[in-house]
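Colleague:
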Amino acid sequence: MSFQNAAGQTSNLKPFVVNGAINLDTGYVQLRLVADSSLYPPEARNLIAKIVDGKFLFKGYLANPLGYTLLIDGKYNSELAVIDSGVQKVVCNVRKNREVPLVDNQSMKFYSNYNHLFEPVVQKRSDFRKKEQGIYKKYNNLVPDSIKVALDREYKNLSSESDQILVTYISRNKDSYLGFWKLAYLLNWGYEISLEKAFNSLSASIKTSYSGMQLEGKLTNGKSLSVGQKFPAFYALAVDQQMVNLNDFLNTRYTLIDFWYSHCSPCIAQFPALKSVYRDNKDKGFQIIG
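For reference, each letter of the sequence shown is one residue, going 14 to 303 in this note's numbering.
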């Protein structure tokens, strides 16, 4: 079985079967995507199975091993599990939310190696969260901006350390779809050069797989919007129904592009601060586009 993607590329689909077991008598299990839907064949994007007497069954087709979390009736959401072609067994325990289910396939065979490599940074993240909670409690949630900045810097350093460990893992395990889907998941939070390095370390077979080629495209698009790159041309409809484009702002020395939407409370909460920054700097060649 094969299908063509949007670029006209043909990919062969292989059958897969998941025989699942869980400590619930009834309910529904969803295979939830961990990355952009374009990385998955259309047939593998909306998979739901019914639980009957603690058992569930998935059957379908995939072009290459696919990464999911298992979501069960809002009571359980697993960590990443990679589904292979062929028959495999998956065991979930609803009392162990956010943990990795037991999956007996080739892609998940070496999960313990991956987990062991990340143990130090996982502990650091846990210590950081405790420290952060203690600080917010001390200041009754009114934490001074200078401390917030320091916490943000510390968290970013931990994220960078984690990204580098992923690069190390993939360089040692070039054929690992577990590493691939961890990488694809991280791209949900935006492009980083470390993610591109990790992708480049993957084997040719993974990079040229259906999901691999889609991820490469996502990385290329993300890089075009990364720090240091020229902002791409754009056209948009303003609130006064007039079209605006990048050329309208080329005479401005500094332009801040603020992406927000009406149901994002943190986005709206920062409007007064942005207005203040604009008032203080508008005569210095500063502009804001929302």
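A virtual CB, placed ideally from N, CA and C, is assigned to each residue, including glycine.
Identify, in the order they occur along the chain, each residue of the same chain with its Cβ nearer than 7 Å to the Cβ of residue 66, setting aside the five sequence neighbours on each side.
Modeller: 38
Colleague: If you compare alpha carbons, which of 295, 101, 103, 130 is closest to residue 182?
Modeller: 130
Colleague: Could I get the ranges of all uninterrupted beta strand (DSSP E) runs contained in the segment 197 to 282, with 3 residues as the minimum, in chain order?
Modeller: 248 to 250, 256 to 258, 267 to 270
Colleague: May I ask you to report which of helix, strand or coil DSSP gives residue 182?
Modeller: If DSSP states are grouped into helix, strand and coil, residue 182 belongs with the helices.
Colleague: Taking the straight line between their C-alpha atoms, what separation do you get for residue 72 and residue 98?
Modeller: Roughly 10 Å separates the two Cα atoms.
Colleague: Which of the three DSSP states, helix, strand or coil, is assigned to residue 20?
Modeller: With a pLDDT of 46 at residue 20, under the threshold of 50, the modelled position of that residue is not reliable, and the figure given next carries that caveat. It is coil, neither helix nor strand.
Colleague: Measure the Cβ-Cβ separation of residue 107 and residue 35 and say whether it is below 9 Å.
Modeller: Contact flag set, yes.
Colleague: For residue 59, which of 189, 84, 119 has the nearest alpha-carbon?
Modeller: Of the candidates 189, 84, 119, 84 places its Cα closest to the Cα of residue 59.
Colleague: Ignore the nearest five residues each way along the sequence and tell me which others in residue 145's own chain have a CB closer than 7 Å to its CB.
Modeller: 164
Colleague: Report yes if the C-beta distance between residue 31 and residue 70 is below 9 Å; otherwise report no.
Modeller: yes
Colleague: Just mark residue 281 as buried or exposed, buried being the case when its beta carbon has 16 or more other beta carbons within 10 Å.
Modeller: exposed
Colleague: Between which two residues does the beta strand (DSSP E) carrying residue 65 extend?
Modeller: Residue range 60 to 65 is occupied by the beta strand (DSSP E) that includes residue 65.
Colleague: What is the DSSP secondary structure of residue 37, counted as helix, strand or coil?
Modeller: Reduced to three states, the DSSP call for residue 37 is coil.
Colleague: For residue 299, which three-state DSSP category applies?
Modeller: strand
Colleague: Rounded to the nearest angstrom, what separates residue 301 and residue 94 at their Cα positions?
Modeller: The alpha-carbon atoms of residue 301 and residue 94 are separated by roughly 42 Å.
Colleague: List the DSSP bridge partners of residue 85.
Modeller: When beta bridges are read from the DSSP output, residue 85 appears opposite 42, 89.
Colleague: Exposed or buried, what is residue 21 when buried is set at 16 or more other beta-carbons lying within 10 Å of its beta-carbon?
Modeller: For residue 21, the predicted model reports a pLDDT of 48, less than 50, meaning its position is unreliable; a value from the coordinates is still stated below. Per the 10 Å Cβ criterion, exposed.
Colleague: Can you pull the DSSP bridge partners for residue 32?
Modeller: 70, 102
Colleague: List the whole-angstrom C-beta distance separating residue 81 from residue 110, where the pair is believed to meet the contact cut-off of C-beta under 8 Å.
Modeller: Residue 81 to residue 110, Cβ: 16 Å. No contact.
Colleague: Tell me the DSSP secondary structure of residue 26 in three-state form.
Modeller: coil
Colleague: For residue 272, tell me which candidate among 284, 196, 265, 262 has the shortest Cα-Cα distance.
Modeller: 284
Colleague: Does residue 155 come out as helix, strand or coil in the three-state DSSP assignment?
Modeller: Coil.
Colleague: Quick check: the segment 196 to 206 against the segment 45 to 63, are at least 3 beta-carbon pairs closer than 8 Å?
Modeller: yes
Colleague: Restricting to Cα atoms, I'd like to know which of 79, 143, 61 is closest to residue 225.
Modeller: 79
Colleague: From residue 74 to residue 242, what distance separates their C-alpha atoms?
Modeller: 39 Å
Colleague: Tell me whether the segment 185 to 194 and the segment 203 to 210 touch, counting them as touching only if at least three CB pairs, one residue from each stretch, are closer than 8 Å.
Modeller: no
Colleague: Within the same chain, show all residues whose beta-carbon is closer than 8 Å to that of residue 137, passing over the 5 residues directly before and after it, in chain order.
Modeller: 171, 174
Colleague: Can you tell me whether residue 6 is buried or exposed, with buried defined as 16 or more other CB within 10 angstroms of its CB?
Modeller: Because the chain here runs from 14 to 303, residue 6 falls outside it and cannot be looked at.
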